[in-house]
Structures are given as C-alpha cells and as structure tokens.
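Peer 1: Right, I'll just put the structure down here and ask away after.
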Ligand code: 2BA
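In the numbering used here, the protein residues as written are 13 to 121.
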C-alpha cells in the first residue's frame with residue numbers, strides 16, 4: 013500500500029476530492045499553507061493499493077491546472093530599502109506536488 017500526499021491549489025481541491033471519491037478512493041483533506049507564497053493551499057492524503065497509484069496520478073493531472081501568481085518582493089537596493097518600492101514577480105504554481113510513500117501498516121481500529 014502507498015500513501016499519496018498531494019499538495020494542490022485551493023481552487024482545484026474540491027473538484028479533485030469529488031473525482032477521487034467518485035472513483036472509490038478514500039481522501040483526507042487538510043488546509044495547508046505554502047511556505048514560499050504563504051497563501052492557502054490544500055493537501056490531500058490518499059491511501060491506495062500499489063496498483064492504483066498511476067490511476068490517482070492520472071486523475072490529479074486531469075484536474076489540477078498550473079496557474080501564475082504574482083508576488084511582490086521588496087527591492088533589495090540599499091537606496092530603495094524602506095521606500096516601499098517593490099517589484100512584481102510571476103511565479104508558476106501547481107498543478108500538483110505529489111509524494112508517494114510506502115505504508116508499513118494500515119489498520120482501522
Ligand atoms: P509554496 O511553497 O507557496 O510555493 C508556491 C510556488 O512558488 C511553487 O509552486 C514554486 O513555483 C515557487 N517556489 C517555491 N519555493 C521556491 C523557492 N525557494 N524559490 C523560487 N520559487 C519557489 P509549486 O512547486 O507548484 O509548489 C506548490 C506548493 O506545493 C508549495 O507552495 C508547497 O506548499 C508545496 N510543495 C512544493 N514542493 C514541496 C516540497 N519539496 N516539500 C513540501 N511541500 C512542497
């Protein structure tokens with residue numbers, strides 16, 4: 013068995029969890045925050061049999077889109093420091109960041 017951890021954008025999370033549940037997978041949804049952008053995202057925990065990992069990846073790929081987000085960073089030149097002048101940077105986020113871990117034991121007690 014594997015535990016899939018999928019970090020997805022909030023806008024894709026509901027559709028993705030519905031699609032997974034519809035196909036018979038069990039999903040736990042966590043509200044999380046990206047360390048870099050410090051904006052909310054969603055992390056799904058999906059426990060699956062080994063032979064279902066690729067199927068889950070396919071579903072994730074079909075739903076999670078890459079989006080561009082603009083972040084404002086303060087200018088680093090010393091003469092601009094503290095002036096409030098900032099620079100907008102485009103960052104590509106998503107579709108999904110997926111980790112696949114081996115599960116040593118799975119029990120419902
Ligand atoms: P964030 O940490 O908020 O990152 C959002 C996006 O910012 C990333 O998109 C990436 O394009 C960019 N980014 C992140 N760290 C960066 C850095 N040090 N320098 C330059 N750009 C950077 P994604 O790669 O699609 O990641 C989306 C979210 O997935 C991340 O949100 C984070 O919550 C999670 N994630 C991604 N890689 C991870 C990892 N190796 N471990 C744990 N969580 C991860």
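Even glycine gets a Cβ: it sits at the ideal position worked out from N, Cα and C.
1) Using 7 Å as the cut-off, classify the Cβ of residue 85 as near or not near the heavy atoms of ligand 1, replying yes or no.
2) Return helix, strand or coil for residue 121, following the three-state DSSP convention.
3) Quick check: is any heavy atom of ligand 1 less than 7 Å from the C-beta of residue 69?
4) Considering only C-alpha positions, which residue in the set 15, 58 and 105 is nearest to residue 52?
5) Is any non-hydrogen atom of ligand 1 found closer than 7 Å to the C-beta of residue 54, if you look at the structure I gave you?
Peer 2: To lay it out plainly:
1) Here residue 85 refers to the residue found at position 73 when the chain shown is read from its first residue. False, no ligand heavy atom lies under 7 Å from that Cβ.
2) The residue you call residue 121 lines up with position 109 of the chain shown. Reduced to three states, the DSSP call for residue 121 is coil.
3) Here residue 69 is taken as the residue at index 57 of the chain shown, counted from 1. Distances from the CB of residue 69 to the heavy atoms of ligand 1 are all 7 Å or more.
4) What you label residue 52 is simply residue 40 of the chain shown in a count that begins at 1. Ranking the options by Cα distance to residue 52, first place goes to 105.
5) Sequence index remark: in the chain shown, residue 54 carries index 42 (1-based). The nearest non-hydrogen atom of ligand 1 is 7 Å or more from the C-beta of residue 54.
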